[in-house]
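First residue of the sequence shown: 23, per this note's numbering; consecutive thereafter. Every residue gets a Cβ at the ideal spot worked out from N, C-alpha and C, and that includes glycine. Just so you know, these numbers come straight off a predicted model, no measurement behind them.
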Amino acid sequence: MMIERRALAAFLGLTFLLDWGLLGAYLGLGGAWEQPASTLVLASYMLAPALVAAFVQRRVRRRPVKELGLGLRPNRWWLVAWLGPLALALVATGVGFLLPGVSFDPSMADLMARFEGIFSAEQMAEMRAQTASLPLHPFWLSLLQGLIAGATLNAVFAFGEELGWRGLLQRLLAPLGFWRGSALVGAIWGIWHAPAILLGHNYPEHPVAGVAMMTIWCVLLAPPFAWVRARTGSTVAPAVMHGTLNACAGLPLMVTHGGDDLRIGLTGLAGFVPLVAVNLWILVTGAPELTNDAPAPESPP
C-alpha cells in the first residue's frame with residue numbers, strides 16, 4: 023500500500039487552516055478563553071475534522087463517505103470503548119495519590135480554587151451550597167453523568183474529531199503499520215490541540231509545557247483508539263470512547279489535593295501510566311492490522 027499523499031495533504035492542510043484560523047479569528051475579534059463563547063468555538067473546532075474528512079473522501083479520494091466507518095454493528099468491544107475511559111480515569115486518580123505532595127481530599131477544595139478566578143464570590147458561595155446539598159458526593163454523580171454524556175451528547179461532538187482522525191487519517195496512514203501509523207496520528211492530533219492548549223485548555227498553569235504534554239498524551243492515546251476502531255469496524259465507537267474520556271477527565275480533580283496540571287489528572291503524568299499499560303497490553307496480545315479499505319467488524323459474541 024502507498025500513502026495517498028494528495029489526500030493526506032488536503033486533509034491536514036484544510037483541517038489546520040480552518041481550526042487554527044477559527045481560533046485566530048475569535049481572538050482577533052476580542053474573544054478570550056475564559057469567556058462563555060469559547061465553548062461554542064471549541065465545539066466548532068471539534069467538528070471541522072469531520073467536515074474536511076467528508077470533503078476529502080468524496081472530492082479527492084472519490085470514494086463514499088460511509089467507508090470512513092459510519093456503520094453501527096455492536097459487539098463486545100463497544101463496551102470497552104464506553105467503559106475503558108472510566109477505568110483510565112480511576113487508575114489515573116489512584117496513581118496521582120502516589121505522587122509526592124498529592125493526597126486524597128473529598129472536600130474538592132483544590133477544584134473550587136480553580137473556579138475562584140472565573141466566578142464571583144456570590145457565585146462561588148452558591149456553588150458550594152449546592153454541592154453540600156447533593157445526596158451523593160459530586161464524584162459519583164459526575165461519574166454517572168459522564169457515562170451517559172459520553173455515549174450521547176459528548177459522542178456527537180467527539181465524532182467530529184474521530185471521523186477525521188480515526189475515520190480518514192488513520193486509513194491514509196495505514197501503510198505505515200499499526201504502531202507507526204497510530205503514533206503519527208497521535209502526534210498530529212496533539213499538535214492540532216496546540217493553540218487551545220496555549221490559551222489555557224487542559225494545562226492552564228503550564229500552557230507552553232502543556233503543548234508537549236498533550237502531544238505525548240495523544241501519541242499514547244492513539245493506539246487504543248485505533249484498536250477500538252479496528253475491533254468494532256466503526257468510527258462511532260471511538261467517538262463514544264472520546265466523548266466518555268472527555269466527560270470523565272475531571273473526576274481525578276474532584277478528590278485530589280496537591281499536585282499541578284502536569285502531574286495529576288488524565289492528561290498529567292498520572293494519566294500516562296494507565297495508557298502505557300494499555301499500549302503494552304496491545305503489544306503483547308497483538309495489534310490489529312490497519313488497511314485503507316473499509317474494515318469488517320468482528321462478529322458479535
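Where do the ends of the alpha helix (DSSP H) carrying TYR331 lie? With the chain covering 23 to 323 only, the question about residue 331 has no answer from this structure.
Is it true that the CB of MET235 sits closer than 9 angstroms to the CB of GLY290? Here residue 290 refers to the residue found at position 268 when the sequence shown is read from its first residue. Here residue 235 refers to the residue found at position 213 when the sequence shown is read from its first residue. Taking 9 angstroms as the Cβ cut-off, GLY290 and MET235 qualify as a contacting pair.
Neighbour-count burial assignment, THR174, 16 or more Cβ in a 10 Å radius: Here residue 174 is taken as the residue at index 152 of the sequence shown, counted from 1. Exposed is the call here.
Could you give the distance in angstroms between the alpha-carbon of MET23 and the alpha-carbon of PHE38? Here residue 23 refers to the residue found at position 1 of the sequence shown. Here residue 38 refers to the residue found at position 16 of the sequence shown. Between the C-alpha atoms of MET23 and PHE38 there is a straight-line separation of about 26 angstroms.
Is ALA196 near the ligand SAM, going by C-beta to nearest heavy atom under 8 angstroms? Among the components of this structure there are no ligands whatsoever, and the ligand SAM is therefore not found.
From the DSSP output, in three-state form, read off HIS264 for me. As a first step, residue 264 must be located in the sequence shown, where it is residue number 242. Taken through DSSP and simplified to helix, strand or coil, HIS264 comes out as helix.
Separation of LEU243 from ALA292, as counted between CA atoms: As a working mapping, residue 292 is identified with position 270 in the sequence shown. As a working mapping, residue 243 is identified with position 221 in the sequence shown. Taking the straight line joining both Cα atoms gives about 14 angstroms.
Apply the 10 Å Cβ neighbour rule to TRP187 and answer buried if 16 or more other Cβ atoms are within range, or exposed otherwise. Position 165 of the sequence shown holds residue 187. It is buried - the Cβ of TRP187 has at least 16 other Cβ atoms within 10 Å.
Can you name the residues that DSSP bridges to PHE126? To locate residue 126, count along the sequence shown from 1; it is residue 104. When DSSP reads this structure, PHE126 sits in a beta bridge with THR278.
Reduced DSSP secondary structure (H/G/I, E/B, other) of GLY290: Within the sequence shown, numbered from 1, the residue matching residue 290 stands at position 268. It is coil, neither helix nor strand.
Roughly how many whole angstroms lie between the Cα atoms of THR115 and MET149? Within the sequence shown, the letter at position 93 stands for residue 115. Within the sequence shown, the letter at position 127 stands for residue 149. Distance between the alpha carbons of THR115 and MET149 is about 23 angstroms.
Below 8 angstroms on the Cβ atoms is my contact criterion, and I expect THR257 with LEU36 to pass it. Report the Cβ-Cβ distance as a whole number of Å. Start at 1 with the first residue of the sequence shown, and residue 257 comes out as number 235. Start at 1 with the first residue of the sequence shown, and residue 36 comes out as number 14. With 8 angstroms as the limit, THR257 and LEU36 do not qualify as a contact, their Cβ atoms being about 19 angstroms apart.
Can you tell me the Cα-Cα spacing of ASN301 and PRO245, whole angstroms? Locating residue 301 in the sequence shown gives position 279, counting from the first residue. Locating residue 245 in the sequence shown gives position 223, counting from the first residue. Cα to Cα, the separation comes out at about 7 angstroms.
Looking only at its own chain, which residues have a Cβ that is under 7 angstroms from the Cβ of VAL250, when we skip the five neighbours before and after it? The residue you call residue 250 lines up with position 228 of the sequence shown. Only TRP99, VAL102, ALA103, ALA259, PRO260, MET263 meet the Cβ criterion.
With H, G and I counted as helix, E and B as strand and the rest as coil, what does DSSP make of PHE141? Mapped onto the sequence shown, residue 141 falls at position 119. Of the three classes helix, strand and coil, the one that applies to PHE141 here is coil, per DSSP.
Going by the CB atoms, is the gap between GLY168 and ALA252 shorter than 9 angstroms? For this step, residue 252 is matched to residue 230 along the sequence shown. For this step, residue 168 is matched to residue 146 along the sequence shown. Contact: no.
Nearest CA to the CA of PRO128: which residue from PRO107, ALA143, LEU158? As a position in the sequence shown, residue 128 is number 106, starting the count at 1. Checked all of PRO107, ALA143, LEU158; the closest Cα to PRO128 is LEU158.
Please list the terminal residues of the continuous alpha helix (DSSP H) segment that includes GLU311. Counting from one through the sequence shown, the residue named residue 311 turns up at place 289. Counting along the chain, GLU311 falls outside any alpha helix (DSSP H), and DSSP gives it neither H nor E.
Apply the 10 Å Cβ neighbour rule to LEU51 and answer buried if 16 or more other Cβ atoms are within range, or exposed otherwise. In the sequence shown, residue 51 corresponds to position 29, counting from 1. Per the 10 Å Cβ criterion, exposed.
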